[in-house]
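Peer 1: According to numbering that gives the first Met the number 0, the stretch in the sequence shown is residues 0 to 240, in order. Every residue, glycine too, gets a C-beta built ideally from N, C-alpha and C.
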Amino acid sequence: MILRSVHPGVGEPFEHDADDARDRIAALYAPPRADWTRINLIASVDGSATGSDGTSDTLSNPADRRILGVIRSQADVVLIGAQTLRAEGYLLPRRAHLAVATVSGDLSGAHPPREGDTTSVLVLGPAEAEERARATMTAAEVVFLPVPRGDDGRPTAESILDALHAHGATSIVCEGGPALAGQVLATGRVDEICLSTSPRIAATGHSVFGSDTGAAQPLELAGLLVDQIGGLYARWLTRAS
């Protein structure tokens with residue numbers, strides 16, 4: 000697929016799988032500092048987080064997946080929820096650690112194959128969920144990070160980010176699902192939202208950010224790529240940045 004930068008300036012088009020494509024995308028998406036927190040999601044034009052198969056896979060395309068790979072390579076940790084791990088069939092990232100937030104510790108059915116040399120998964124949840132997490136995650140070694148429960152009985156996004164930073168992760172990218180992405184956004188600690196827009200109406204009713212995103216806030220468009228079929232790949236800076 001052909002990609003072209005159209006903001007902040009118009010660039011020369013390039014194929015997503017060209018020899019220099021990864022370097023060009025990496026330059027466009029490079030975080031300005033080491034301690035950088037991103038949310039990276041894909042949505043349909045109507046804001047749906049999933050396509051016809053109930054996952055984000057039917058919204059994605061090769062260019063989106065190339066950009067996804069670059070964003071992951073620029074992070075220490077890729078953060079997702081346990082339901083997303085089960086539904087999406089995640090690969091363990093090639094360079095970053097995969098971090099999974101869970102309340103119960105039930106990771107049954109989650110068998111993430113390895114993409115690179117990473118063999119462990121960070122699991123974040125209440126201390127009493129550790130035993131179940133180790134018993135149900137059979138595809139990789141579990142490094143369990145206990146986090147306290149909030150008022151609703153669930154670990155808060157704030158405590159999850161704190162635990163990852165305490166573990167040594169300075170650059171974090173959250174890939175959802177929608178509820179987790181919204182909760183992370185509501186912390187006020189997100190520097191950037193990377194949002195791919197698939198040129199279709201999905202009509203699934205599953206909002207890409209869930210229902211809990213905190214207070215309204217303005218965003219600044221930092222970059223925009225387009226492809227030849229109408230896909231949009233935007234970088235939005237938040238007030239936290």
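For Y28, does the three-state DSSP call read helix, strand or coil?
Peer 2: helix
Peer 1: Could you pull the DSSP bridge partners for G80 from this structure?
Peer 2: A100
Peer 1: Mind checking whether A214 and R234 have CB atoms under 8 Å apart?
Peer 2: No Cβ-Cβ contact shorter than 8 Å links A214 with R234.
Peer 1: Along the chain, which unbroken stretches of the beta strand (DSSP E) at least 3 residues long are found entirely within the segment 166-225?
Peer 2: 171-173, 191-197
Peer 1: How about the segment 156-164 and the segment 0-9: do they share at least three Cβ pairs that are nearer than 8 Å?
Peer 2: no
Peer 1: With DSSP as the reference, label R37 as helix, strand or coil.
Peer 2: strand
Peer 1: For a test of the three-state rule: what should DSSP assign to H15, helix, strand or coil?
Peer 2: Looking at H15 - three-state DSSP - the assignment turns out to be coil, as it is neither helix nor strand.
Peer 1: Quick check: what's the CA-CA separation for I70 versus T203?
Peer 2: Near 26 Å, if we compare the C-alpha coordinates of T203 and I70.
Peer 1: Quick check on the burial criterion: 16 or more other C-beta atoms within 10 angstroms. Buried or exposed for V207?
Peer 2: buried
Peer 1: Does the distance from the C-beta atom of V102 to that of A134 stay below 8 Å?
Peer 2: No, the Cβ-Cβ distance between V102 and A134 is not below 8 Å.
Peer 1: Just the Cα atoms here: how many angstroms apart are W35 and A29?
Peer 2: Distance between W35 and A29, taken at the CA atoms: about 10 Å.
Peer 1: Am I right that V141 and L78 are in contact with their C-beta atoms under 8 Å? What's the rounded C-beta distance?
Peer 2: Wrong, their Cβ atoms sit about 15 Å apart, outside the cutoff.
Peer 1: Do N60 and G230 have their C-beta atoms closer together than 8 Å?
Peer 2: yes
Peer 1: Can we say the segment 89-108 touches the segment 44-51, given the rule of at least three CB pairs closer than 8 Å?
Peer 2: no
Peer 1: Can you give the Cα-Cα distance for R188 and F143, rounded to whole angstroms?
Peer 2: In a straight line, the C-alpha of R188 is about 23 Å away from that of F143.
Peer 1: Under the three-state reduction of DSSP, which class applies to S72: helix, strand or coil?
Peer 2: helix
Peer 1: Which residues mark the beginning and the end of the beta strand (DSSP E) in which R148 is found?
Peer 2: No beta strand (DSSP E) contains R148, which DSSP labels as neither H nor E.
Peer 1: Taking the continuous beta strand (DSSP E) assigned at R3, which residues delimit it?
Peer 2: 1-6
Peer 1: Assuming S107 contacts A139 under a Cβ cut-off of 8 Å, what Cβ separation, rounded to an integer in Å, is found between them?
Peer 2: Actually they do not touch by this definition, with Cβ atoms about 14 Å apart.
Peer 1: When we look at the beta-carbon of D150 and count the other beta-carbons within 10 Å, is it buried (16 or more) or exposed?
Peer 2: exposed
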